[in-house]
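Step one of this worksheet: look at the structure below.
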Amino acid sequence: MSTSFKRALEATNDFAFDLLERYSDKNLSIVVFGSLAKGIWRKTSDVDIIILSNDCSFSRNVVVHDGLRFEVYRMPARIFLSPFYGEEENLFFDMFRLQVLRTGRILLDQDGSLSQLCDKLRKQKIPRSYSEAALKRALNQISIAEKNLYRGNLADAELKLRDCSMNIARALLLNMNEPEINTPKLLTPHLREKIPDFFGFLREIYGLSDVGRSDTERVIEDSLELLRNIRYKFRRDLRAKNIIEKAKTEILNAIDCLEIGDYDSAMLQIDFSQSIIKKNLIIKGTRLNFTLPSRFPF
Numbered sequence: 012m013s014t015s016f017k018r019a020l021e022a023t024n025d026f027a028f029d030l031l032e033r034y035s036d037k038n039l040s041i042v043v044f045g046s047l048a049k050g051i052w053r054k055t056s057d058v059d060i061i062i063l064s065n066d067c068s069f070s071r072n073v074v075v076h077d078g079l080r081f082e083v084y085r086m087p088a089r090i091f092l093s094p095f096y097g098e099e100e101n102l103f104f105d106m107f108r109l110q111v112l113r114t115g116r117i118l119l120d121q122d123g124s125l126s127q128l129c130d131k132l133r134k135q136k137i138p139r140s141y142s143e144a145a146l147k148r149a150l151n152q153i154s155i156a157e158k159n160l161y162r163g164n165l166a167d168a169e170l171k172l173r174d175c176s177m178n179i180a181r182a183l184l185l186n187m188n189e190p191e192i193n194t195p196k197l198l199t200p201h202l203r204e205k206i207p208d209f210f211g212f213l214r215e216i217y218g219l220s221d222v223g224r225s226d227t228e229r230v231i232e233d234s235l236e237l238l239r240n241i242r243y244k245f246r247r248d249l250r251a252k253n254i255i256e257k258a259k260t261e262i263l264n265a266i267d268c269l270e271i272g273d274y275d276s277a278m279l280q281i282d283f284s285q286s287i288i289k290k291n292l293i294i295k296g297t298r299l300n301f302t303l304p305s306r307f308p309f
């Protein structure tokens, strides 16, 4: 066990103990998930923790503890542990829950209900309705791409085709009982291993064939600079602050991918980060520079 990994585990246990002292709920549950729980934590990784309680509301914030960056989610236990109904509007939230429950490491489970649910879900196949929901999204996006193409909006058509290809990838992985589909950092390694032919197609659509380390580093640096400018522009907007923080988290995930030489995942993470800004903030006077190269012969 590396020193940095051991230190991260010790800091996480200390952090969880501090949380326990602050909560009075006897049914409190704490789960660590993500890189640390999987044993692939690196120096640039966040520590992801979820707190389940009967007397808390939804929240997500970043806390620095003992020099480590903790991404802390708080959720009502009754909602997080509710059944999986396969509803389209809950696709990403349900897959987030499922990946936490399947791969997370339980630090505290006072009534034992969380452990029982984890054991059950590790054996249970993902309902088909979720892959159908992802495919429905893909079909809708390709329809919008066609309309943009006919109107001569080539850039918008290409962006929709990229979104479409990503949702097809999600549908394929869900059909293979893989819930880690929400972000490129999670999705790409599974796609590369399980469906290499489609992964090659996805790389072509995103123009990743000739991308190397220097390209990836440049795009990451440009994206960080862009985010700093946006943060300054929206410095008095509390809603924008949360969106910008989420976009920054995805850039940090890109840096994490860069560290292990996974340039495909890093570049897709940057695209994902920029899409969060573009879809949630109306920015006047600031050009959102999507720097991934185009390969479409329009």
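When the count follows the working numbering, it moves up by one through the sequence shown with no breaks and lands on 309 for the last residue. Backbone N, C-alpha and C fix where the C-beta goes; we use that ideal spot for every residue, glycine too. Predicted, not measured: the structure shown is a model, and the values here were computed from it.
Exercise. Rounded to a whole number of angstroms, what is the C-alpha to C-alpha distance between H76 and I60?
Worked result: 13 Å
Exercise. Buried or exposed: A182, going by 16 or more other Cβ atoms within 10 Å of its Cβ?
Worked result: Buried, by the Cβ-count rule.
For this session: Mark A19 as exposed unless 16 or more other C-beta atoms lie within 10 angstroms of its C-beta, in which case mark it buried.
Result: Counting C-beta atoms within 10 angstroms of its own C-beta, A19 has 16 or more neighbours from the protein chains shown and is therefore classed as buried.
Problem set entry | For P207, three-class secondary structure by DSSP | Here P207 sits in helix by DSSP.
Problem set entry | At least 3 beta-carbon pairs within less than 8 Å: the region 117 to 129 vs the region 162 to 177 | Flag = no, the region 117 to 129 and the region 162 to 177 do not touch.
Problem set entry | Ordered list of beta strand (DSSP E) runs contained in the region 159 to 196, each at least 3 residues | Counting only unbroken stretches of 3 or more residues, no beta strand (DSSP E) element lies wholly within the region 159 to 196.
Problem set entry | Span of the beta strand (DSSP E), counted from its first residue to its last, around I60 | V58 to S64
For this session: Identify the continuous beta strand (DSSP E) that holds V73 and give its terminal residues.
Result: S70 to H76
Exercise. Are three or more beta carbon pairs between the region 206 to 216 and the region 247 to 260 nearer than 8 Å?
Worked result: no
Exercise. Taking all protein chains shown into account, do 16 or more other C-beta atoms lie within 10 angstroms of the C-beta of S15, making it buried, or fewer, making it exposed?
Worked result: Its Cβ having fewer than 16 others within 10 Å, S15 is exposed.
Exercise. Given that a residue counts as buried once 16 or more other Cβ atoms are within 10 Å of its Cβ, and exposed if not, what is G296?
Worked result: Residue placement at G296 is flagged as unreliable, the pLDDT there being 45, under the threshold of 50; a coordinate-derived value is accordingly withheld.
Exercise. Where P94 and K131 are concerned, what is the direct C-alpha to C-alpha distance, given to the nearest angstrom?
Worked result: 12 Å
Exercise. Per DSSP, M86 forms a beta bridge with which residues?
Worked result: L63
Problem set entry | Closest Cα partner of I288 within the set L237, R246, D267 and L263 | L237
Exercise. Within this structure, are the beta carbons of P190 and R113 separated by less than 8 Å?
Worked result: For P190 and R113, yes; Cβs fall inside 8 Å.
For this session: State the DSSP-derived secondary structure class of T297, mapped to helix, strand or coil.
Result: Legend: pLDDT at T297 = 47, less than 50; position of this residue unreliable, value from coordinates given subsequently. In this structure, T297 counts as coil in the three-state DSSP scheme.
Problem set entry | Boundaries of the beta strand (DSSP E) in which I3 is found, first to last residue | Here the chain comprises residues numbered 12 to 309, so residue 3 is not present and cannot be evaluated.
Exercise. For F107, which three-state DSSP category applies?
Worked result: helix
Exercise. Does R203 come within less than 8 Å of chain B when only Cβ atoms are used?
Worked result: Given the protein chain composition of this structure (a single chain), no chain B is represented.
Exercise. Cα separation between A144 and E98?
Worked result: 8 Å
Problem set entry | Cβ shell of Q280 (< 8 Å), same chain only, five flanking positions each side left out | T194, P195, K196, E261, I262, N264, A265 and C268
Exercise. For I51, which of helix, strand or coil comes out of DSSP?
Worked result: Coil, per DSSP.
Problem set entry | Spatial neighbours of A180 in its chain, beta-carbon cut-off 7 Å, leaving aside the 5 residues before and after | L198, L202, F209 and L213
Problem set entry | CB contact flag (E270, R80, <8 Å) | no
Exercise. Can you tell me where the beta strand (DSSP E) with V42 in it begins and where it stops?
Worked result: S40 to F44
For this session: Over the uninterrupted alpha helix (DSSP H) stretch that includes I254, give me the two end residues.
Result: L249 to E270
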